[in-house]
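Trainee: Heads up: the sequence shown begins at 1 in full-length UniProt numbering, then just goes up one per residue.
Positions of the beta carbon are idealized from the N, C-alpha and C atoms, including for glycine.
Because the structure is a prediction, the values reported are computed rather than measured.
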Amino acid sequence: YVNLSGAGETWLQDFSRVSALKELRLFNCELKNLPPSLSSSADLKLLEVLDLSENSLNSPIPKWLFGLTNLRKLFLRWDFLQGSIPTGFKNLRLLETLDLSNNLALQGEIPSVLGDLPRLKFLDLSANELNGQINGFLDAFSRNKGNSLVFLDLSSNKLAGTLPESLGALRNLQILDLSSNSFTGSLPSSIGNMASLKKLDLSYNAMNGTIAESLGQLAELVDLNLMANTWGGVLQKSHFVNL
Numbered sequence: 001y002v003n004l005s006g007a008g009e010t011w012l013q014d015f016s017r018v019s020a021l022k023e024l025r026l027f028n029c030e031l032k033n034l035p036p037s038l039s040s041s042a043d044l045k046l047l048e049v050l051d052l053s054e055n056s057l058n059s060p061i062p063k064w065l066f067g068l069t070n071l072r073k074l075f076l077r078w079d080f081l082q083g084s085i086p087t088g089f090k091n092l093r094l095l096e097t098l099d100l101s102n103n104l105a106l107q108g109e110i111p112s113v114l115g116d117l118p119r120l121k122f123l124d125l126s127a128n129e130l131n132g133q134i135n136g137f138l139d140a141f142s143r144n145k146g147n148s149l150v151f152l153d154l155s156s157n158k159l160a161g162t163l164p165e166s167l168g169a170l171r172n173l174q175i176l177d178l179s180s181n182s183f184t185g186s187l188p189s190s191i192g193n194m195a196s197l198k199k200l201d202l203s204y205n206a207m208n209g210t211i212a213e214s215l216g217q218l219a220e221l222v223d224l225n226l227m228a229n230t231w232g233g234v235l236q237k238s239h240f241v242n243l
């Protein structure tokens with residue numbers, strides 16, 4: 001375990017001598033680029049936790065990360081990362097936590113390979129410039145019968161389209177934040193299958209369809225925000241029967 005958070009750039013050392021390292025935290029180290037020795041992923045093949053958050057990398061997501069196949073947790077928030085989310089994440093089969101939030105310049109569609117990661121529990125892609133639809137991404141989760149996703153935040157992006165019925169396959173999900181995007185259409189009836197859901201935020205979208213009555217089946221729901229949309233239809237008592 002090495003924690004150099006807040007140490008600035010002067011710490012730069014050769015990590016080749018610590019090949020057994022399992023946890024490396026370089027949070028807020030004023031890095032403008034990554035040390036060359038970190039790019040030799042073979043030296044960090046046992047690494048399980050990597051935190052490079054709050055630096056000023058101003059670059060695409062580095063490809064050498066996808067050689068760290070033992071990673072469980074990867075934090076890359078507030079790094080000013082650019083470009084699209086690479087499909088190379090498919091190599092990180094043990095990944096449980098992925099935080100790419102608040103990079104502000106990550107673009108393109110969310111790759112469906114993220115939905116294929118069998119152990120992923122926490123995914124935060126909020127506050128970026130991601131666009132397109134999320135159907136393929138969610139369909140991948142629905143095919144992944146063992147999916148264990150608990151937290152999903154896609155808020156403050158430029159995502160659009162309708163919410164697919166495959167959303168209901170996220171049966172273990174507790175937190176779902178899709179706010180501040182451009183989603184349209186109705187809340188799918190499959191929402192009633194998300195029995196573990198505690199928070200649902202769809203505020204500040206362009207939802208213009210109906211709210212599924214199956215919403216009332218979510219007995220664990222304690223935080224519901226559907227404001228700033230143009231919903232149609234009429235709310236019935238059944239919408240709130242178990243809330």
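#1: Exposed or buried, which one is G6 when buried takes at least 16 other CB atoms within 10 Å?
#2: Is R77 buried or exposed, if buried means 16 or more other CB atoms sit within 10 Å of its CB?
#3: What distance in whole Å lies between the Cβ atoms of P62 and L34, which are believed to be in contact at a cut-off of 8 Å?
#4: To which residues of the same chain is D139 closer than 6 Å at the C-beta, ignoring the five residues directly before and after it?
#5: By Cβ distance, which residues of its chain are closer than 7 Å to K198, with the 5 residues on each side in sequence left out?
#6: Just the C-alpha distance for I85 and H239, rounded to the nearest angstrom, thanks.
#7: CB T87 to CB K121, shorter than 8 Å?
#8: Only counting runs of 3 or more residues, tell me where the beta strand (DSSP E) segments fall wholly within the region 89-135, in order along the chain.
#9: Just to confirm, are N103 and F89 a CB contact at a threshold of 8 Å?
#10: DSSP three-state call for I191: helix, strand or coil?
#11: Would you decide whether G232 is buried or exposed? Buried here means 16 or more other CB atoms lie within 10 Å of its CB.
#12: Look up E54 in the DSSP assignment and say whether it is helix, strand or coil.
#13: Considering Cα atoms alone, identify which of N205, L114 and L149 is closest to N157.
#14: In terms of residues, what are the limits of the beta strand (DSSP E) holding K145?
#15: Compare the beta carbon distance of L170 and M194 with 8 Å and say whether it is the shorter of the two.
#16: Taking the straight line between their C-alpha atoms, what separation do you get for L163 and L57?
Mentor: Taking the structure as given:
#1: Residue placement at G6 cannot be trusted, given a pLDDT of 49 that sits under 50; what the coordinates show is reported in the next sentence. Exposed is the call here.
#2: Result: buried.
#3: Contact between L34 and P62 holds, with the beta-carbon distance rounding to 6 Å and staying under 8 Å.
#4: So the list reads S166, once near-sequence residues are dropped.
#5: Answer for K198: Q174, I175, E220, L221, V222 and D223, listed in chain order.
#6: Their backbone Cα atoms lie some 37 Å apart in a straight line.
#7: Not closer than 8 Å, so no.
#8: Positions of the beta strand (DSSP E) runs, each at least 3 residues long and wholly inside the region 89-135, are given as 97-99, 105-108, 122-124 and 129-132 in order along the chain.
#9: The criterion of a C-beta distance shorter than 8 Å is not satisfied by N103 and F89.
#10: Three-state result, I191: helix.
#11: So G232 counts as exposed.
#12: Residue state, collapsed to three classes: coil.
#13: Of N205, L114 and L149, the smallest CA-CA separation from N157 is found for N205.
#14: That residue, K145, is in no beta strand (DSSP E); it is neither H nor E in DSSP.
#15: For L170 and M194, yes; Cβs fall inside 8 Å.
#16: Linking L163 to L57 through their CA atoms gives a straight-line distance of about 33 Å.
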